[in-house]
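Some notes on the structure that comes next.
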Amino acid sequence: MKKGILAFSLMATGGLIATALYSFSLKDKTADATDQHPKLNIERDYTEKLSVQNSGLIMVDFLTGFDPGLNTIPKAVFNQNATALAKMSNIFNLPTIMLGEEGGFRGKFYPLVGEYLSKAVRVERHTPSAWDEPNFQVAVKKLGRKKLIV
């Protein structure tokens, strides 16, 4: 039962982050002279392919302490997938945020993920929704990218 609840809470957290990022991208851009971004253009903004120039990566909760709740794929495969994603970010020099709170029952970031993403911005999340964490909002804005891979 506990494993199912943990897995569900991880999925819900990911969904909340994706929803928050999506809603952030839809905020109406007014013609204010201080605004660096033009008004949202759906055809341009949503059909543009991902590229190194327009994308950033957010790695959410790739922490060893969540392993006991993982039962949909083998833990080794999940770790390899996380490591591959970190390698990809490193190879393409994508700006990256590592989101999660290390320590306690959460454990640490997977060792190879931390190694490959040593230059990534680390943001601790103390709330269920990362978007409620001011440091996360600042880090996302500093990425300067419109397309975020979560």
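Counting in my numbering, the sequence shown runs from 1489 upward without gaps.
The beta-carbon is built from N, C-alpha and C at its ideal position, and this holds for glycine as well.
Note that this is a predicted model, so its numbers are computed, not measured.
Thr1562, buried or exposed, once every other Cβ within 10 Å from all chains shown has been counted against 16: With the sequence shown as reference, residue 1562 is identified as Pro, and Thr is not the correct amino acid for it. Under this definition Pro1562 is an exposed residue.
Below-9 Å beta-carbon distance, Asp1555 vs any chain B residue: In the displayed structure, chain B is absent; only one protein chain is listed.
Reference Gly1592, options Phe1554, Trp1619 and Leu1600, closest by Cα: Phe1554
Which of helix, strand or coil DSSP assigns to Val1611: strand
Sheet register partners of Thr1584 (DSSP bridge): Residue pairing by DSSP places Thr1584 opposite Leu1545 in a beta bridge.
Distance between beta carbons of Val1601 and Phe1550, contact taken as under 8 Å: 5 Å
Nonlocal neighbours in the same chain, by C-beta distance under 6 Å from Thr1639, ignoring five residues either side: With the chain running from 1489 to 1638 in the structure shown, residue 1639 is simply not present.
Opposing strand residues paired with Leu1551 [DSSP bridges]: Phe1597
Boundaries (first-last residue) of the beta strand (DSSP E) holding Leu1636: Lys1635 to Ile1637
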